[in-house]
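Residue numbers (the numbering used here): 14 to 242.
Set out below in structure tokens:
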């Protein structure tokens, strides 16, 4: 097969202990999945899960330095458990949901909060607040059999060594399995899909030159620096 322009490079995420990589198809993000974060943002934790997306090429390798995004003066960090789908499907039963997960990792959902606030007020989509270039730094993935049950474990993020976010996976309103099962009622999940499962409280702004590092018990950390200029 030939193309009229060169096809884009396949987006991918590193795999711990392997030269092989996980190819990324789509990135789905769960909004408002920790009660304290929901409260700090002024929302109701009783709401069912909802989703937004990022493009596959928003992925950034851990250890990278990235430019401060254009069109914002209020860039926020959000640490999240990332699920990597290995087996697709629709209407996946909750009891079978984790069988569809190939692996897990740590991601940072970078958010142009000022653009999100404008979109919320106007009832517009969040695409430009969430799905911009290099908005999804990712640590290396670990096969799910090595990642533990993903039902508990500390989740945290620091900026320049200062703790900003800390919580526990047990505090998720919708568990990893819940997220997979529920999302599969809305779209047919496919191998290569990533699900970012929401963030605990403590989200705040980062500035040029800041270094963010984030982790979850049992998974490789992710670190990214914002360029100074």
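Idealized CB from N, CA, C, for every residue including glycine.
Alpha carbon to alpha carbon, what distance is there between residue j and residue i?
i, j, result
"residue 42", "residue 93", "9 Å"
"residue 192", "residue 46", "10 Å"
"residue 210", "residue 195", "12 Å"
"residue 117", "residue 205", "12 Å"
"residue 235", "residue 25", "15 Å"
"residue 177", "residue 156", "28 Å"
"residue 232", "residue 119", "7 Å"
"residue 30", "residue 134", "45 Å"
"residue 202", "residue 100", "8 Å"
"residue 83", "residue 38", "25 Å"
"residue 136", "residue 20", "34 Å"
"residue 241", "residue 65", "29 Å"
"residue 68", "residue 123", "13 Å"
"residue 81", "residue 105", "39 Å"
"residue 164", "residue 44", "18 Å"
"residue 216", "residue 70", "23 Å"
"residue 228", "residue 77", "16 Å"
"residue 121", "residue 15", "36 Å"
"residue 145", "residue 138", "13 Å"
"residue 23", "residue 115", "18 Å"
"residue 48", "residue 34", "34 Å"
"residue 214", "residue 36", "30 Å"
"residue 61", "residue 162", "23 Å"
"residue 102", "residue 32", "28 Å"
So is residue i buried or exposed if we call it buried at 16+ other beta carbons inside 10 Å?
i, result
"residue 185", "buried"
"residue 63", "exposed"
"residue 226", "buried"
"residue 212", "buried"
"residue 151", "buried"
"residue 18", "exposed"
"residue 171", "buried"
"residue 75", "buried"
"residue 197", "buried"
"residue 111", "buried"
What distance in whole Å lies between the Cβ atoms of residue j and residue i, which are believed to be in contact at a cut-off of 8 Å?
i, j, result
"residue 72", "residue 149", "5 Å"
"residue 219", "residue 90", "6 Å"
"residue 223", "residue 173", "6 Å"
"residue 207", "residue 40", "5 Å"
Return yes when the Cβ of residue j is within less than 7 Å of the Cβ of residue i, no when it is not.
i, j, result
"residue 88", "residue 189", "no"
"residue 27", "residue 160", "no"
"residue 127", "residue 85", "yes"
"residue 179", "residue 187", "no"
"residue 167", "residue 230", "yes"
"residue 132", "residue 142", "yes"
"residue 239", "residue 221", "yes"
"residue 79", "residue 147", "yes"
For residue i, is the beta carbon positioned less than 6 Å from some heavy atom of the ligand ADP?
i, result
"residue 208", "This structure lacks the ligand ADP; in fact it carries no ligand of any kind."
Got a sec: is the Cβ-Cβ distance from residue i to anything in chain D below 7 Å?
i, result
"residue 164", "Among the protein chains of the structure shown there is no chain D, as only one such chain exists."
| task | Report the residue ranges of all alpha helix (DSSP H) runs contained in full by the region 28 to 94; include only those spanning at least 4 residues, in chain order. | result | If we require 4 residues or more, the alpha helix (DSSP H) runs fully inside the region 28 to 94 come out as 48 to 53.
| query | Which runs of the alpha helix (DSSP H) fall wholly inside the region 134 to 186 and span at least 4 residues, in chain order? | reply | The region 134 to 186 contains these whole alpha helix (DSSP H) runs: 140 to 143.
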